[in-house]
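Numbering (our numbering), first residue to last: 24 to 1169. Please read the structure below before turning to the comments.
Below, the structure written as structure tokens:
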């Protein structure tokens, strides 16, 4: 016997072996269709008996194994069923002849046989035959199962007759000696009459009868015969057959204890033994087989009418522990015979299956280890594969998973042994896949993403390499790429630097022909291979969704209720709502993306490879919104630290978008990496709202970009900063081009400005514009440009408040602007040397050489398109950096009275520039100053009626502080004075002009001098006002002098007494009042005015007579009485009267 049956189990000893084979040419599909139906009839109950007959079907059985049928009857082929195709009557004789030839192969052991003929019809099929069944085709054969049952009953009849024939004690008959094939030559010439020989014959026959009883369903009878056989064979040291008897005893006991079977066929109870108590094994004691058995207890049909005897019979059954001991003893006897290697091997397999049910794994492994070293004949490669595969399955059965995987892998390697002409790479690959669980290896990368690594990494890598090679030899490069990708992804931490290079080089070679994908691969045999995303190439540590740039961020227009008011709940605070918001905060982000705009996601990545890692086609994976991902390519240096990578894309629709992960192409493998599968990734959220599209505004200016950044404390982010250098008082136009670079029309635009915190005080509007002209070009279609003009006016304080300039004496100043007749006209050389040549770097703010810095932000609030309908807008900010250089300084200001309605304003002007500068006031001549030159400028101005100014908003209660009210009034007065003076400067060499303001110079005293007094005094000579020019008269002609008073105060004033004193100015500081001989009064020289009511007028008249020619001045004085003392002196400002007496006409 040379071919082992590795599927043998203990309960097979009770089965009858039936071989089912095709005759002639039968398609494999049709044969196994009928074979499946035949093998379904594996158990039948014997009529008029409680016995069950079990059948074991085989479609292939070596004839040499049939020769061991006397040794163990379950190895004997007792039935033959043949299947054939026959379509014509003339082929029938030849077909039937083949059937007889097939029977001759097993003819010596066959009990009965059957021939199933398919396709033949006609007279031949109508002939009644017991051994032949005709069917028209393979579908119309409903009686197959019934014929098989009849066939098994015929086998039982023969089996029962043989059992009865062998079991009957025929006194005087010589018992034949049963032999195995290799024993026949050893018994030639033995003394057949010896007692030893007869005992051997009896023992072997008892064992043979036990086999027949077991096959006939008589379990207890077989136990008795096996016990008797053991006693007889032990006494004659017939070890081979003693081992068979012990194995039969073990098999019968296993069938008793484990009626469900040991072959792993769950749910199929091969034997029903309701008459046997289950606790029989508990009453067994060691050595029970030594008890003397009464053969008279047996009956011909195996059923004792005395049921009480069943209890005694149960003692013949071995306990579960004794079964294993007897198996060990039987195997030890088999091992004595070289030709019994197959029997020994199969016995080990049967014992292992029993131990597996008993959960005695360690003892089972000893049997298997023995089976490994059983030396059989020279096995073929196929037999070696079968042997190693069965060993693997048995190790798996007892829970030795790694040992099972080892033998499975050996079987896989045997499939592609060098001695095989056509290696079975598919079989090798299939077996290698089956070894994976034993090495704690799964082909699903998710099993390796969490927790510590399980299994031996070195063995796992070796196995994965073998899978790669096997799949390549199978001609399936996609599988090779998938396994190599899996190796690189899951075993990266265990690969050396050189191994990493080798694996990646191999992977690139494979992917050149077959790129790696994320598709499920169907393996040979049905299971699928999941995709392997490269989540470690590169490793991602943090994912952050970035907000849009400040200039593109959408903002919601505030509603009337306010932006933060929720109408979902009537409660001010709800802990339930707060809890929900807390959960959402982990995922949803509090900013928005805009449809059609490029959005960014930042990844912090790390390259674990010892060489430069090239990542191609890296983009985002999203859901919820149609999203156009814009792939990126990057190259990461070897073992780089955290490296920022920004992935971009454009949402095409609105809604809520979720960033699920990213995709890459590394080494030719395309990967979809989901954030949920990335361990240790930090993210502040992956869901963001996409709002409808908005226009995009781009601004360009006529000014150069600024290298200065605005003050960080401003809190405003500007997209563009521009800078300009202006002199104090200069105005420049900033031309801004507004271009709609988006896809939506720009419909709304609002412009506001914000001056950042500055210590400098600005006078007037720093920034001013007219938006109407720009809005006339709206709506601004995509690609169109509109123009917007902003006026930048720098008006800082023109005074030198720190008094760093040296005081100027009247002698060192050139005064300009007075009339030619003014006595104050002086021309002196300017003091140029007073200008500091090199001002210190750390000049104080009051230093004339100090450059002031002004910063402002222009905010463009715009909207349009679908986003405008939803109430969204955008803010674009333009930063403005202005460096204001000093132009002119007014170092000192004073006044000189001129008339009651006018006065002279004296300004000391300093040119702080490096260029020649001209200053001019309204109605005055231009004053030219060289660089660093001081000059005094006199301006004749009309006095101001400040009381007629309208009330400022501050006086209506906005400012409750009296000090602030006074400051407001003073600013209003200064603004009015400045507008009337209209002082301008220009630098001819630079062609630059500007204004000069005196607002910061005017103190309270100067303001009082410039203010129109409440009492308006007018002096008329001959009816003409004398404020401006000298009044002309003739010598000897009386001159009429009239003094008028207009009361603008809210109170009644007067009466007043005025005295007129004429004098002459000799232009040397001497005034001559002794003019009694030159001037005579017509009447009194004192004028009287009655009391004047508010808003009332009064006048007094007098006359003078000039006796000589010349220039005369009239000094009008008030008498010091109670009425004049109550009023301030500034109320009594009378104009100077200049009279020129000419010679009388002839």
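Virtual Cβ for every residue (Gly too), placed ideally from N, Cα, C. Treat the numbers as computed from the prediction; the structure is a model and nothing was measured.
### Query
Ordered along the chain, which non-local residues of its own chain (more than five positions away) have a Cβ less than 6 Å from that of residue 952?
Around residue 952: 934, 940, 958.
### Query
residue 1110 bridges to which residues according to DSSP?
Residue 1110 is bridged to 1081.
### Message
Quick check on residue 414: does DSSP put it in helix, strand or coil?
### Response
Residue state for residue 414 is assigned as helix, using DSSP reduced to three classes.
### Message
Between the alpha carbons of residue 38 and residue 501, how many angstroms are there, rounded?
### Response
So the alpha carbons of these two residues sit roughly 48 Å apart.
### Message
Report the CB separation of residue 137 from residue 154 in whole angstroms; it is logged as a contact under 8 Å.
### Response
Between residue 154 and residue 137 the Cβ distance is about 6 Å, and since that is below 8 Å, they are a contact.
### Task
Please go through the same chain and pick out, in chain order, the residues whose beta-carbon is closer than 6 Å to the beta-carbon of residue 415, but skip the five residues on each side of it.
Correct list, in chain order: 427, 430, 431.
### Task
Sort 455, 425, 420 by Cα distance to residue 437 and report the nearest one.
Looking at the Cα atoms, 455 is the closest of the given residues.
### Message
According to DSSP, simplified to helix, strand and coil, what is residue 1036?
### Response
If DSSP states are grouped into helix, strand and coil, residue 1036 belongs with coil.
### Query
Is residue 943 buried or exposed, if buried means 16 or more other CB atoms sit within 10 Å of its CB?
So residue 943 ends up on the buried side.
### Query
Going straight from the alpha carbon of residue 1133 to that of residue 1042, what length do you get?
One C-alpha to the other measures close to 20 Å.
### Task
Using a threshold of 7 Å, state whether the C-beta atoms of residue 179 and residue 69 are closer than that.
In contact: residue 179 and residue 69 (Cβ atoms closer than 7 Å).
### Message
Which same chain residues end up closer than 8 Å to residue 1128 when comparing Cβ atoms and leaving out the 5 residues on each side of it in sequence?
### Response
Contacts found: 1059, 1060, 1061, 1062, 1102, 1103, 1104, 1105.
#### Entry: C-alpha distance - residue 1107 paired with residue 1093, whole-angstrom precision
Each residue's Cα considered, the two are about 26 Å apart.
### Query
Where does residue 105 sit, in a helix, a strand or coil, going by DSSP?
Residue state, collapsed to three classes: strand.
### Query
Curious, which full-length alpha helix (DSSP H) runs of at least 4 residues does the region 513-578 contain?
Under the rule that a run must span 4 or more residues, the alpha helix (DSSP H) segments found entirely inside the region 513-578 read 520-536.
### Query
What is the DSSP secondary structure of residue 755, reduced to helix, strand or coil?
Strand.
### Query
If we ignore side chains and look at the alpha-carbon of each, how far apart do residue 223 and residue 197 end up?
Residue 223 and residue 197 have their C-alpha atoms some 12 Å from each other.
### Task
Consult DSSP for residue 434 and reduce its assignment to one of helix, strand or coil.
Residue 434: helix per DSSP, three-state reduction.
### Task
Would you mind working out which of 93, 123, 282, 167 sits nearest residue 207, comparing C-alpha positions?
The shortest C-alpha separation from residue 207 is found at 93.
### Message
Taking the alpha-carbon of residue 472 as reference, which of 451, 485, 509, 445 has the nearest alpha-carbon?
### Response
That would be 509, whose Cα lies nearest to the Cα of residue 472.
### Message
Among the candidates 84, 931, 1089, 363, whose CA atom is the shortest distance from the CA of residue 205?
### Response
The closest CA to that of residue 205, considering only 84, 931, 1089, 363, is found on 363.
### Message
Restricting to Cα atoms, I'd like to know which of 29, 133, 1124 is closest to residue 413.
### Response
With distances taken between Cα atoms, residue 413 lies closest to 29.
### Task
Find the nearest neighbour of residue 1021 within the set 251, 930, 353, 966, judged by alpha-carbon distance.
Nearest Cα to residue 1021 within the set 251, 930, 353, 966: 930.
### Start and end residues, alpha helix (DSSP H) containing residue 185
Here the alpha helix (DSSP H) through residue 185 covers 167-190.
### Query
So, residue 721 versus residue 762, is the Cβ gap smaller than 7 Å?
Yes, Cβ-Cβ distance for residue 721 and residue 762 is below 7 Å.
#### Entry: First through last residue of the alpha helix (DSSP H) which encompasses residue 787
It is not in any alpha helix (DSSP H) - residue 787 carries neither H nor E in the DSSP assignment.
### Message
What residue range does the alpha helix (DSSP H) around residue 135 cover?
### Response
For residue 135, there is no enclosing alpha helix (DSSP H); the residue is found in the beta strand (DSSP E) stretching over 135-141.
### Message
According to DSSP, simplified to helix, strand and coil, what is residue 461?
### Response
In the structure shown, residue 461 sits in a helix (DSSP, three-state: H, G or I).
### Message
Using CA atoms only, rank isn't needed, just tell me which of 896, 185, 889, 435 is closest to residue 235.
### Response
Measuring from the Cα of residue 235, the nearest candidate turns out to be 185.
### Task
Count the C-beta pairs between the region 656-664 and the region 693-702 that are closer than 8 Å, then say yes if the count reaches three, no if not.
At 8 Å Cβ cutoff, the stretches do not touch.
### Message
Taking the straight line between their C-alpha atoms, what separation do you get for residue 535 and residue 691?
### Response
Answer to the nearest angstrom: the Cα atoms are 7 Å apart.
#### Entry: Pairwise C-alpha distance: residue 1135 and residue 1091
Taking the straight line from one Cα to the other gives about 15 Å.
### Task
Check each candidate in 995, 61, 95, 52 and name the one with the smallest Cα separation from residue 31.
Of the candidates 995, 61, 95, 52, the one whose C-alpha sits nearest the C-alpha of residue 31 is 95.
### Message
By the DSSP assignment, the beta strand (DSSP E) with residue 1012 in it spans what residues?
### Response
Taken as a continuous stretch (DSSP letters only), residue 1012 belongs to no beta strand (DSSP E), as it is neither H nor E.
### Query
Is it the case that the Cβ atoms of residue 773 and residue 884 are separated by a distance below 7 Å?
It is a contact, given that the beta carbons lie within the stated cut-off.
### Query
Can you find at least 3 beta carbon pairs, one from the region 812-820 and one from the region 746-766, that sit closer than 8 Å?
With a cut-off of 8 Å, the region 746-766 and the region 812-820 count as touching, because enough Cβ pairs lie within range.
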